[in-house]
Amino acid sequence: MGSMSPLHWLIVLAVVLILFGGGSKISGLMGDFAKGIKSFKKNMAEDESMEPKHDQPNGQISPPPQGNFQQPQYTPPVSGGNVNNVNH
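Note that the sequence shown covers residues 752 to 839 in the numbering used here.
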């Protein structure tokens, strides 16, 4: 168990060759990945610019609508008993 068999060394060698062999494989993959991220960001910015712009609130309260609206009438509470008293 302490030493590695020739099969283990072949597997390690294969992994090292895959990762570091060819030199441009990993850098090519990372370049493609970076291009994909840039394209994604560009398309997200285009989607936001295509949305119609809504009126932005300016921090002011708009006046009430004009017309013949009745003011709410005050009705006093019903006297006698507790409002929260519910018969179960």
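By construction, the Cβ of each residue, glycine as well, lies at the ideal position given by its N, Cα and C atoms.
May I ask you to check if the CB of I788 is nearer than 6 Å to at least one heavy atom of the ligand ADP?
-> Because no ligand of any kind appears in the structure shown, any question about the ligand ADP cannot be addressed here.
How big is the Cα-Cα spacing for E798 and S790?
-> In the sequence as displayed, the identity of residue 798 is Asp instead of Glu. Per the coordinates, the alpha-carbon of D798 lies some 12 Å from the alpha-carbon of S790.
What is the DSSP secondary structure of I762, reduced to helix, strand or coil?
-> Helix, per DSSP.
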